[in-house]
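FYI, in the numbering used here the residues of the sequence shown are -10 to 491. For each residue, glycine too, the CB sits at the ideal point set by N, CA and C. To start, the structure itself, in structure tokens.
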Amino acid sequence: MPPLLAATGISKSFPGVQALSDVNMHIERSELLAVVGENGAGKSTLMRILAGIYVPDRGRIEIDERPVMLRNVKQAEQLGIALIHQELNLATHLDIAGNVFLGREPTWGGPLKLIDRARIHADARRITERLGLIASTRTLVADLSIGQQQLVEIGRALSSRSRLLILDEPTSSLTESEAERLFAVLRELKAEGIAILYISHRLKEVEALADRVVVLRDGRNAGELRRGEIRHQAIVNLMVGRELKQFFHRDRAANMGHRAEVVRARGVCWSATQRGIDFTIHAGEIVGMAGLMGAGRTELAQTLFGVRAMLGGTVAIDGRRVAIRRPIDAIRAGIFLIPEDRRLDGLILEDSVKHNVSLAVLPGLSRLGLVNFSEEARLAQAMCERFRVRTPSTGQIVGNLSGGNQQKVVLAKWLSRAPRLLILDEPTRGIDVGAKSEIYALMDELAKQGAAILMISSDLEEILGMSDRVLVMHEGELSGELTRAELSEERIMHLATGGGRS
-10 MPPLLAATGI
0 SKSFPGVQAL
10 SDVNMHIERS
20 ELLAVVGENG
30 AGKSTLMRIL
40 AGIYVPDRGR
50 IEIDERPVML
60 RNVKQAEQLG
70 IALIHQELNL
80 ATHLDIAGNV
90 FLGREPTWGG
100 PLKLIDRARI
110 HADARRITER
120 LGLIASTRTL
130 VADLSIGQQQ
140 LVEIGRALSS
150 RSRLLILDEP
160 TSSLTESEAE
170 RLFAVLRELK
180 AEGIAILYIS
190 HRLKEVEALA
200 DRVVVLRDGR
210 NAGELRRGEI
220 RHQAIVNLMV
230 GRELKQFFHR
240 DRAANMGHRA
250 EVVRARGVCW
260 SATQRGIDFT
270 IHAGEIVGMA
280 GLMGAGRTEL
290 AQTLFGVRAM
300 LGGTVAIDGR
310 RVAIRRPIDA
320 IRAGIFLIPE
330 DRRLDGLILE
340 DSVKHNVSLA
350 VLPGLSRLGL
360 VNFSEEARLA
370 QAMCERFRVR
380 TPSTGQIVGN
390 LSGGNQQKVV
400 LAKWLSRAPR
410 LLILDEPTRG
420 IDVGAKSEIY
430 ALMDELAKQG
440 AAILMISSDL
450 EEILGMSDRV
460 LVMHEGELSG
470 ELTRAELSEE
480 RIMHLATGGG
490 RS
């Protein structure tokens, strides 16, 4: 029997990024196909192409052996393809029945086209019973749990007679019992002939559910595993395994003498359901923090910086306990954060390089509330030279700079002060190789000067190339720690996907 859907030679690029290159994939009826890969491997881009959100640059898609052009979501839905996003797309002010048939409400009354509410609720009730959703169809979606809301999304897809369900990280926000209910529903739907594309970083789920696994790496097919071959380590081996680029700047010998403890965190948490997180960082040490999307790395960074409330635990800097309630408390303790989204959280894009660089030290540049503009100009010029910011002048609007130079301005802003702990959240995301190399050199220079650095990164090459030790997070908790001698992509991914320390 031919596959329900076959995608051949799919390629897609965005400005500066080749997201997919000649990717091939097919799915059979009554099959649960898992698509896995590291962050940035191209999984979401491929799913959005199949759901009609993106149009591929090249390639061919066939349904029932007939070529189709999926130019928008409506076309995909008409062909029986439904994408259920990680962030659910529901009208929370409507009830369950209203969401299940939103935009496709049955009507009566001839030309008046009045909504047939009795039929909506009767039809919705049959669907919710099929899915095991125990709630009145008149219940507002806002009053449902996340797991129940996800079943409503699936119900909406079933009401439109979808033949292919695409689920993107479906258990990321579910409790264990909600996830188990979802798995039971997926098995039932598969038995009824529905095909399921399942994207997940949780490899235990993939092992338990998948009939077949397609692995993507760097936008290309990395391999495929069938039911009897699907094992945690086999998946990890396909997900990783590329050569490390030789442009990391790390002089570890120069830092061997600087090992005084700078940071000691004990029991740090930002959620009532967490176990506390413990770690230490020493002077001159770059500690990498790895983990998959949603593992809690950014949340930890925000908690240490006072952006997110610390619900429990203690932090000590140079042996002195510090109370961090707001970012100003962290700054006074010498804790600085280079945020993940530099454009949103790290810079004032409409302002000049000079004003951005001086933001963190304005009190020191002011007297009686007035800024000494000549001192500000000298500081900005010196920091731009130190960090090799390529700009026509310090008066240039920072939003006009390249991504790499914007990142260097963020670094220059904070490093005009002396950090004790520098937290870098995805420090080289979206910048070119040359700028990456310069930022790595700056990190190494700061480590030589005795700073403690916590580097959060989804780039395993970066983690392996720059880290003295690596902490790995999984689902909001620290799943393990690896010394320099223990580091490998396979070990990091094993911990990041919930495999536990081996």
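{"Check": "Note the first and the last residue of the continuous alpha helix (DSSP H) segment covering Glu194.", "Outcome": "192 to 198"}
{"Check": "Spatial neighbours of Gln137 within its chain, please: CB distance less than 7 Å, with the 5 preceding and 5 following residues excluded, ordered by chain position.", "Outcome": "Leu122, Ala124"}
{"Check": "Is it right to say Val461 is buried, meaning 16 or more other beta carbons lie within 10 angstroms of its own, or is it exposed?", "Outcome": "buried"}
{"Check": "Taking the alpha-carbon positions, what's the Leu233 to Ile452 distance?", "Outcome": "Here the model assigns Leu233 a pLDDT of 41, short of 50, so the residue's position is not dependable, and the following value carries that caveat. Approximately 11 Å between the Cα atoms of the pair."}
{"Check": "Tell me whether the beta-carbon of Gln395 lies closer than 8 Å to the beta-carbon of Val387.", "Outcome": "yes"}
{"Check": "By the 10 Å Cβ neighbour count, where 16 or more other Cβ atoms means buried, how is Asn330 classified, buried or exposed?", "Outcome": "According to the sequence shown, residue 330 is Asp rather than Asn. It counts as exposed."}
{"Check": "Whole beta strand (DSSP E) runs in the region 256 to 339 with 3 or more residues, listed along the chain?", "Outcome": "266 to 271, 275 to 279, 301 to 306, 309 to 311, 324 to 327"}
{"Check": "Which stretch, first to last residue, makes up the alpha helix (DSSP H) that contains Thr164?", "Outcome": "Where Thr164 is concerned, there is no enclosing alpha helix (DSSP H), given that its DSSP letter is neither H nor E."}
{"Check": "In the DSSP output, which residue or residues are listed as bridge partners for Gln7?", "Outcome": "Ser2"}
{"Check": "Would you check if the distance between the CB atom of Ile52 and the CB atom of Ala86 is smaller than 8 Å?", "Outcome": "no"}
{"Check": "In three-state DSSP terms, what is Glu20?", "Outcome": "coil"}
{"Check": "Is it the case that the Cβ atoms of Ile327 and Ala319 are separated by a distance below 8 Å?", "Outcome": "no"}
{"Check": "Sorted by chain position, which residues of the same chain lie with C-beta nearer than 8 Å to His221's C-beta, five sequence neighbours on each side aside?", "Outcome": "Leu192, Lys193, Glu196, His483, Thr486, Gly488"}
{"Check": "Return the chain-ordered ranges of every alpha helix (DSSP H) run that is complete within the region 18 to 88 and spans a minimum of 4 residues.", "Outcome": "32 to 39, 62 to 67"}
{"Check": "Who are the Cβ neighbours of Ala146 in its own chain at under 8 Å, not counting the five residues just before and after it?", "Outcome": "Ala71, Ile73, Leu154"}
{"Check": "Using a Cβ-Cβ cut-off of 8 Å, state whether Leu129 counts as contacting chain B.", "Outcome": "In the structure shown, chain B cannot be found, because there is only a single protein chain."}
{"Check": "So, at 7 Å on beta carbons, what are the nonlocal neighbours of Asn345 in its own chain, with the 5 sequence-adjacent residues on each side left out?", "Outcome": "Leu336, Ile337, Val387, Val398, Lys402"}
{"Check": "Determine the contact status of Leu410 and Ile306, defining contact as a CB-CB distance below 8 Å.", "Outcome": "yes"}
{"Check": "Taking only three categories from DSSP, how would you classify His238?", "Outcome": "coil"}
{"Check": "Is the beta carbon of Thr303 less than 8 Å from the beta carbon of Gly358?", "Outcome": "no"}
{"Check": "Should Leu140 go down as buried or exposed, given a rule of 16 or more other Cβ atoms within 10 Å for buried?", "Outcome": "buried"}
{"Check": "What are the start and end residues of the alpha helix (DSSP H) that includes Ala111?", "Outcome": "106 to 120"}
{"Check": "Would Glu177 be called buried (16 or more neighbouring beta carbons within 10 Å of its own) or exposed?", "Outcome": "exposed"}
{"Check": "Starting from Gly393, trace the alpha helix (DSSP H) in both directions and tell me its first and last residue.", "Outcome": "392 to 404"}
{"Check": "Thinking just about the alpha-carbon of each residue, which of Glu478, Glu464, Val459, Ala184 is nearest to the one in Leu471?", "Outcome": "Val459"}
{"Check": "For the candidate residues Val44, Lys63, Ile412, whose alpha-carbon lies nearest to that of Gln291?", "Outcome": "Ile412"}
{"Check": "Using the DSSP secondary-structure output, state which residues sit across from Arg215 in a beta bridge.", "Outcome": "Arg201"}
{"Check": "Using C-beta distances below 8 Å, list every residue in its chain close to Leu59, excluding the 5 sequence neighbours before and after it, in chain order.", "Outcome": "Ile38, Leu39, Ala40, Gly41, Val44, Ile50, Ala65, Leu68, Ile70"}
{"Check": "Anyone know if the C-beta pair for Leu449 and Glu415 falls short of 8 Å?", "Outcome": "no"}
{"Check": "In chain order, what residues of the same chain lie with their CB nearer than 7 Å to the CB of Arg315, ignoring the 5 residues before and after it?", "Outcome": "Gly295"}
{"Check": "Rounded to whole angstroms, what's the CA-CA distance from Arg231 to Arg206? Just pull it up for me.", "Outcome": "Unreliable placement is indicated for Arg231, whose pLDDT of 47 sits below 50; the coordinate value is still reported in the next sentence. The straight-line gap from Cα to Cα measures roughly 9 Å."}
{"Check": "Using the Cα positions of Leu103 and Thr96, report the straight-line distance between them to the nearest angstrom.", "Outcome": "5 Å"}
{"Check": "Assuming the contact rule is C-beta atoms closer than 8 Å, Ser189 and Val12 should be a hit. Round their C-beta distance to whole Å, please.", "Outcome": "At roughly 18 Å, the Cβ-Cβ gap does not stay under 8 Å, so Ser189 and Val12 are not in contact."}
{"Check": "Would you check if the distance between the CB atom of Arg209 and the CB atom of Ser10 is smaller than 8 Å?", "Outcome": "yes"}
{"Check": "Thinking C-beta only, is Asp240 closer than 8 Å to Glu20?", "Outcome": "no"}
{"Check": "Count the other C-beta atoms from every protein chain shown that fall within 10 angstroms of the C-beta of Gly(-2), then say buried if there are 16 or more, exposed otherwise.", "Outcome": "exposed"}
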